[in-house]
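Student: I'd like to ask you about the structure that follows.
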Amino acid sequence: MAIVRKVIALLLMVGTAGCGEDPGILDPSPSVPSGGPFSAGPVVECTGAIGRQDDPGDSYQEVAGVVAVPAVDRVLEPALQPSGEGATRLFAEWDLLVRTGATADLSLLPGWADRARLSWGDTDFKPAIAVRVSACPNDAAWTVFAGGTWVAEADCVPIRITTPTGGEAVVEMSIGAPCSRPGG
Numbered sequence: 000m001a002i003v004r005k006v007i008a009l010l011l012m013v014g015t016a017g018c019g020e021d022p023g024i025l026d027p028s029p030s031v032p033s034g035g036p037f038s039a040g041p042v043v044e045c046t047g048a049i050g051r052q053d054d055p056g057d058s059y060q061e062v063a064g065v066v067a068v069p070a071v072d073r074v075l076e077p078a079l080q081p082s083g084e085g086a087t088r089l090f091a092e093w094d095l096l097v098r099t100g101a102t103a104d105l106s107l108l109p110g111w112a113d114r115a116r117l118s119w120g121d122t123d124f125k126p127a128i129a130v131r132v133s134a135c136p137n138d139a140a141w142t143v144f145a146g147g148t149w150v151a152e153a154d155c156v157p158i159r160i161t162t163p164t165g166g167e168a169v170v171e172m173s174i175g176a177p178c179s180r181p182g183g
């Protein structure tokens with residue numbers, strides 16, 4: 000009978016491991032090649048778009064051929080979030096533009112899970128370290144999604160952008176602090 004109790008206790012310990020983690024914040028696997036399959040995370044649907052544009056404009060830069068983000072010289076000012084803590088303490092709002100008909104995966108680089116989060120589109124999504132933007136058909140060249148980047152503190156945040164056609168780039172976002180610092 001003592002052996003049965005020990006087995007049951009062991010099974011209960013194994014079964015509850017990891018239950019304290021927040022299932023709404025998903026980590027991309029560092030073992031997945033950057034151009035490989037998308038890691039689990041929220042999927043931003045076309046219904047979450049706030050508009051459409053013919054071009055990104057001068058204050059945006061194109062990345063990986065299908066995404067437009069704020070230009071490298073723009074410092075996005077984050078605001079303190081009353082209910083935020085850790086990686087969601089500050090929020091810098093910026094629109095994400097994705098080319099009509101294109102899908103894009105955006106993720107933080109390994110080592111950033113405790114420092115930043117991303118989110119666009121549906122406000123029901125918890126900020127995550129990886130998101131996928133679905134391809135949207137429309138009559139303009141770009142689909143616009145509201146959202147932005149959360150950070151624990153002002154920083155230069157690297158975001159990997161990957162497309163199914165093999166396009167990949169890492170863009171640095173100046174969230175409260177410029178990415179181009181004196182001396183390099």
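Position one of the sequence shown corresponds to residue 0 (numbering that gives the first Met the number 0), numbered consecutively onward.
No residue lacks a Cβ here, since even glycine has one placed at the ideal position from N, Cα and C.
1) How should SER118 be labelled, buried or exposed, when 16 other C-beta atoms within 10 angstroms of its C-beta is the threshold for buried?
2) Does THR161 come out as helix, strand or coil in the three-state DSSP assignment?
3) Only counting runs of 3 or more residues, tell me where the beta strand (DSSP E) segments fall wholly within the region 94 to 139, in order along the chain.
4) Whole angstroms are fine: how far does the CA of GLY47 sit from the CA of ASP138?
5) Using only the alpha-carbon positions, how far apart do ARG51 and ASP104 sit?
6) Helix or strand or just coil, what does DSSP make of GLY85?
7) Beta strand (DSSP E) containing GLY64: first to last residue?
Tutor: So, from the listed chains and residues:
1) The residue given as residue 118 occupies position 119 in the sequence shown. SER118 is buried by the Cβ-count criterion.
2) By 1-based counting over the sequence shown, the position of residue 161 is 162. Strand.
3) 95 to 98, 103 to 107, 115 to 119, 129 to 132
4) In the sequence shown, the residue the question calls residue 138 occupies position 139. In the sequence shown, the residue the question calls residue 47 occupies position 48. Whole-angstrom Cα-Cα distance: 16 Å.
5) Stepping through the sequence shown from its first residue, residue 51 is reached at position 52. Stepping through the sequence shown from its first residue, residue 104 is reached at position 105. Computed Cα separation, rounded: 19 Å.
6) Here residue 85 refers to the residue found at position 86 of the sequence shown. Three-state result, GLY85: helix.
7) Here the question's residue 64 lines up with position 65 in the sequence shown. From DSSP, GLY64 is part of no beta strand (DSSP E); its letter is neither H nor E.
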